[in-house]
């Protein structure tokens with residue numbers, strides 16, 4: 011759906027729109043959309059395409075269209091709970107009100123109400139959401155009760171009838187699955203199998219985003235790169251623990267989907283919206299044929315880093331050459347085009363480039379580069395990981411230890427710092443890996459600061475962010491590290507990668523280790539091995555009582 015077809019005179023997110031609103035003394039209407047969002051395109055047709063509504067919007071507001079994938083900090087501050095989000099704010103960017111999808115009748119009511127509020131209160135109608143008020147995070151000690159609490163949440167929230175966690179709409183929650191693989195393997199494996207049966211598209215490949223039904227029915231059929239990459243990694247890790255080919259198959263087929271449908275020649279695009287190859291019922295297929303498949307082939311830094319991480323995880327356990335090749339090419343693109351002196355740019359397109367120094371992009375890039383060092387062996391990947399981590403620690407870490415989602419500057423509410431728990435978890439996890447790979451304790455201390463910044467609210471953290479428990483656990487005991495003297499691809503290296511612990515760190519071509527030897531370390535204890543069998547015995551000996 012083009013902007014002209016909506017009949018609304020959309021402005022781009024930028025200073026001109028805010029300056030126009032201030033000069034005209036009008037509120038802004040922010041329309042938060044995404045290429046993959048079916049409801050967004052439907053609202054364009056049904057609501058913004060209605061001439062009288064479009065005229066009212068154009069006359070009384072400054073309408074701004076925001077692509078939430080390209081502007082993640084806008085998404086996090088103005089999201090009304092999903093997309094489309096329809097947000098009204100003052101010329102300073104303060105929130106007046108908002109909603110998700112609005113049909114024509116609902117939009118008319120909201121437009122009238124906002125007009126009245128603006129007439130009566132003007133800029134005083136705006137407010138700052140509580141999450142952006144700048145309150146300190148609830149800090150506390152990082153100890154074993156965090157992991158114990160979230161392990162208990164697995165049992166409390168697990169759906170024994172349909173698998174997954176919760177009794178409403180079902181989201182895959184791949185990081186929760188990875189947490190469960192080491193604490194409640196049955197739940198993790200049952201959930202992976204159920205996701206493979208319900209959210210995996212047997213026709214076109216790839217995973218749908220989530221399901222409305224508790225029984226995983228009524229899936230939302232858009233396919234996002236980062237969601238699919240995270241599931242590839244989770245399924246591959248499930249295979250690591252079980253050896254079950256039924257878990258490996260969706261991961262390998264999703265690798266094929268990513269290459270066939272999202273590879274843009276240099277990296278992976280961001281999403282595939284519902285299209286005619288994704289539908290199986292007549293009415294939906296007819297709608298898809300009218301709209302056409304919608305692909306966003308923009309290469310986003312964080313999603314591509316996560317894809318490289320996932321493909322290298324798959325490579326580590328299967329020697330998948332295609333996965334290895336596309337992961338390496340993706341990391342080359344990141345290093346050459348999106349990383350400059352450690353600072354990551356969110357995306358680069360022909361006429362636009364994204365923000366820099368976004369926390370999620372940095373976290374995922376650090377994780378991917380450390381993974382590449384482990385699987386591909388090149389020490390330069392570790393140098394890149396250090397650079398990206400150092401930039402985030404220097405520029406994004408707050409005094410309380412938590413990381414901000416990006417620079418505390420920008421239009422509207424962007425100058426209000428936001429410290430998202432999920433992105434802090436990703437960064438802390440990547441920093442623990444980097445510390446283990448380099449032996450540099452400062453990275454682990456930065457990870458401890460990020461986790462500790464939220465630890466005062468440990469008992470309020472739910473199963474949706476169980477990854478918080480994973481990182482907290484890693485900070486309470488030493489990481490299993492396997493230093494292999496031989497280069498990447500050797501028998502000992504391949505055996506080390508296949509040790510059934512997805513949080514281990516493997517270092518091929520390690521300095522100070524004999525070429526025919528591997529050294530297994532857990533804290534101060536270590537064992538040497540010269541064969542895969544000895545290596546497995548050493549791991550068992552050192553980890554049995556950990």
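In the numbering used here, the protein residues as written are 11 to 556.
Glycine is no exception: its CB is placed at the ideal position from the N, C-alpha and C atoms.
Put simply, of 309, 153, 106 and 160 the residue whose alpha carbon is nearest the alpha carbon of residue 126 is 106.
The continuous alpha helix (DSSP H) containing residue 28 extends over residues 25-34.
For residue 323, the secondary structure class from DSSP, reduced to helix, strand or coil, is helix. Collapsing the DSSP output to three states places residue 188 in a helix. In the three-state scheme derived from DSSP, where H, G and I count as helix and E and B as strand, residue 350 is classed as strand.
Under DSSP, residue 488 forms no beta bridge with any residue. Closest in alpha carbon position to residue 252, among 202, 264 and 233, is 202.
In the three-state DSSP reduction, residue 230 falls in the strand class (E or B). Under the criterion of beta carbons closer than 8 angstroms, residue 498 and residue 444 do not qualify as touching, at roughly 18 angstroms. Within its own chain, the residues whose Cβ lies closer than 7 angstroms to the Cβ of residue 40, once the five positions on either side in sequence are excluded, are 74, 76, 88, 97 and 99, listed in chain order. In the three-state reduction of the DSSP assignment, residue 21 falls in the strand class. Boundaries cannot be given for residue 218, as no alpha helix (DSSP H) includes it and DSSP labels it neither H nor E. For the pair residue 442 and residue 456, the Cα-to-Cα distance works out to about 9 angstroms. The residues 433, 436, 437 and 440, in chain order, have a CB closer than 7 angstroms to that of residue 373 in the same chain once the five nearest residues on each side in sequence are set aside. Under the three-state reduction of DSSP, residue 175 is assigned to strand. In chain order, 497, 498, 499, 503, 518 and 519 place their CB closer than 8 angstroms to the CB of residue 387, counting only its own chain and leaving out the 5 sequence neighbours on each side. In the same chain as residue 168, and ignoring 5 residues on each side of it, the C-beta atoms closer than 7 angstroms to its own belong to 175 and 197, in chain order. The closest CA to that of residue 447, considering only 377, 245, 477 and 321, is found on 377. Check the Cα spacing between residue 149 and each of 265, 415 and 465: the tightest is with 465.
Partner residues in the beta bridge of residue 108, as assigned by DSSP, are 97.
For the 8 angstroms CB-CB criterion, residue 281 and residue 306 form a contact. When rounded, the separation of the alpha-carbon atoms in residue 248 and residue 259 is 11 angstroms. Beyond the five residues adjoining it in sequence on each side, residue 22 comes within less than 8 angstroms, by CB distance, of 74 and 75 in the same chain, given in chain order.
If you ignore the 5 residues before and after residue 406, its C-beta comes within less than 6 angstroms of the C-beta of 369, 413 and 414, all in its own chain and listed in chain order. With three or more CB-CB distances shorter than 8 angstroms, the segment 512-532 counts as touching the segment 476-496.
DSSP places residue 67 inside the alpha helix (DSSP H), whose first and last residues are 61-70. Contact annotation, residue 56 with residue 114: C-beta distance approximately 6 angstroms; criterion of less than 8 angstroms satisfied. Burial check for residue 550: the Cβ neighbour count within 10 Å stays below 16, so the residue is exposed. Taking a contact to require three or more Cβ pairs closer than 8 angstroms, the segment 176-191 and the segment 207-224 qualify as touching.
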